[in-house]
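Peer 1: Going from the sequence shown to my numbering is simple: count from 1 and add 94.
Here a beta-carbon is modelled for each residue, glycine too, at the ideal position from N, C-alpha and C.
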Amino acid sequence: GIGYHHVYMDGLKVGDHQLDPGWTDYEKRVWYSTYDVTDILQSGKKMDDLEASDASSTDIAESSHAIAVMLGNGWWSCGPPPGTNQPGCSNFPPQLLLQLQVDGQPVLLSDETWSASDSSPVLYNSLYNGETYDARTEEHIEGWKFPGYDTSKWTAATLADSVANTAILASQLFEPIRHISTISPVSINVANKNTNSQVVDFGQNLAAVVSLKRFFCSRGTVVTLRHAELLMHPPYGAFDNTTIYVDNLRTAKATDKYICSGDPQGESYTPLFTQHGFRFVEVTGLNYTLETSDLVAVELHTDVQQTSFIHFSDPLLNKIQHLVLWGIKSNLMSVQTDCDQRDERRGWMGDAALTAEAAALTFGMGAFYTHWLEQMLDAQNATDGSMPNFVPSLGTTDGAPNWQTAYVMILWVMLVHYGDIDVVFRHHDS
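Encoded structure:
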């Protein structure tokens, strides 16, 4: 799916990827993701009680199963008004290409026989601005992820015809973005008792989303979460631990909204198609004060594995190392970005050139860099060999010298730290 997708089979989420597939120049390259769904297909006695070892491609194809997909804008689609406010987005809607293979043979392919609907609980989604989710809509599409759901009121899917249709379709053979860990709040301060505005402090900056684990609200109530890295502070205003500072976000709203269904058993919410950089979250709309156990920050970035650990006798050095570690991984969003919070988040090459060695000394960056180098090749000027300032290029050209050198610097890091001479040969002529 481009921009992003969540796939479900027989009601179960397929895989654990988030904000997937990764960002590319969609006119030149589109990643596809691969999942093993054997266990889902063979579970729940949905195969006429056939033993897994006896199940053939035909048996599975003729069994009653449902594949359901929810699509998000990502970097691909500007979406309907007011739009995502992200540079380089297209006016095309999200697209889907799905193929199910059994025993190596394709048995199902997405086409015009599929049904589509815009009756999604996700009313709006943007990486910059956040997500709006209407839980009341779930009632109208209850069961849509399961076999037997009535799609007679849905419309037929149409064949996509966009600039992405002629792009290289390549496997995403690097670590996906995942939910990595959770961080609990260190404090919650009530800002305004009349509106019950609450400022939640998670103790550190990180790239994440906030997950409300269980909360109660009346039907139609809008619960709003505004994200910020800082509290109000001089010279922008008097220090105030109940007011978040958002001017550094520029035009990015970094706001998630949840419209309550009024479920008396309680509700829960984790955003699907957005990501924020923050330490503080302002929560409004609830008529009671949250407990620190009611919500967590869900760390969210490309799931590269940490390969080295260091501890100093000097606490200050440990704090600096902690800052470096989180600064790097919070900016691994399928490409290496410059920031995780404001209206930018681009794959700035200069930032990558200066941090490539630190990243390679700390994380397993081989697959990540291998595939980002392919995107640099996509962005290279075929006439003079120059590179843009950031990749994906968003249509820009002719980067500054030290930004362009990220191409060579990352190749050098791959050679020195991983001994990968093949990737150097691959890019030598470029």
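#1: According to DSSP, is Met141 part of a helix, a strand, or is it coil?
#2: Please name the residue in His511, Ser487, Lys423, Pro482 whose C-alpha comes closest to that of Asn496.
#3: If you drop the 5 nearest sequence neighbours on each side, which residues of the same chain put their C-beta closer than 7 Å to that of Glu451?
#4: Just the Cα atoms here: how many angstroms apart are Tyr227 and Trp169?
#5: Suppose you measure from the CA of Gln399 to the CA of Leu380; what does that come to, to the nearest Å?
#6: Going along the chain, which residues of its own chain have a beta-carbon closer than 8 Å to the beta-carbon of Ile202, five neighbours each way excluded?
#7: Quick one, are the C-beta atoms of Val390 and Gly441 less than 7 Å apart?
#8: Determine the direct distance from the alpha carbon of Ala494 to that of Leu467, and round the result to whole angstroms.
#9: DSSP on Ile161, reduced to helix/strand/coil?
#10: Mark Gly297 as exposed unless 16 or more other C-beta atoms lie within 10 angstroms of its C-beta, in which case mark it buried.
#11: Rounded to the nearest angstrom, how far is the Cβ of Gly356 from that of Arg308, given a contact under 8 Å?
#12: Is His416 buried or exposed, if buried means 16 or more other CB atoms sit within 10 Å of its CB?
#13: Please classify Ile134: does DSSP put it in a helix, a strand, or coil?
#14: Which partner residues does Met103 have in the DSSP bridge list?
#15: Classify Gln292: buried if its beta carbon has 16 or more other beta carbons within 10 angstroms, exposed otherwise.
#16: Could you pull the DSSP bridge partners for Gly224 from this structure?
#17: Per DSSP, which residues does Phe374 bridge with? Please list them.
#18: Beta-carbon within less than 8 Å of Ser362's beta-carbon, same chain only, minus the 5 sequence neighbours each way: which residues are those?
Peer 2: Based on what the coordinates show:
#1: Bear in mind that a pLDDT of 41 at Met141, under 50, signals an unreliable position, so the number given afterwards is only what the model happens to contain. In the structure shown, Met141 sits in coil (DSSP, three-state: anything other than H, G, I, E or B).
#2: Nearest option by C-alpha distance: Pro482.
#3: Val507
#4: 19 Å
#5: 38 Å
#6: The sequence given here has Leu at residue 202, not Ile. Correct list, in chain order: Ala155, Ile161, Leu192, Gln193, Leu194.
#7: no
#8: Counting only the Cα atoms, Ala494 lies some 18 Å from Leu467.
#9: DSSP places Ile161 in the strand class (E or B) of the three-state scheme.
#10: Its Cβ having fewer than 16 others within 10 Å, Gly297 is exposed.
#11: With 8 Å as the limit, Gly356 and Arg308 do not qualify as a contact, their Cβ atoms being about 14 Å apart.
#12: exposed
#13: helix
#14: Leu106, Ile161
#15: buried
#16: Ser220
#17: Its beta-bridge partners are Asp295, Ala322.
#18: Ser305, Leu306, Lys307, Arg308, Phe309
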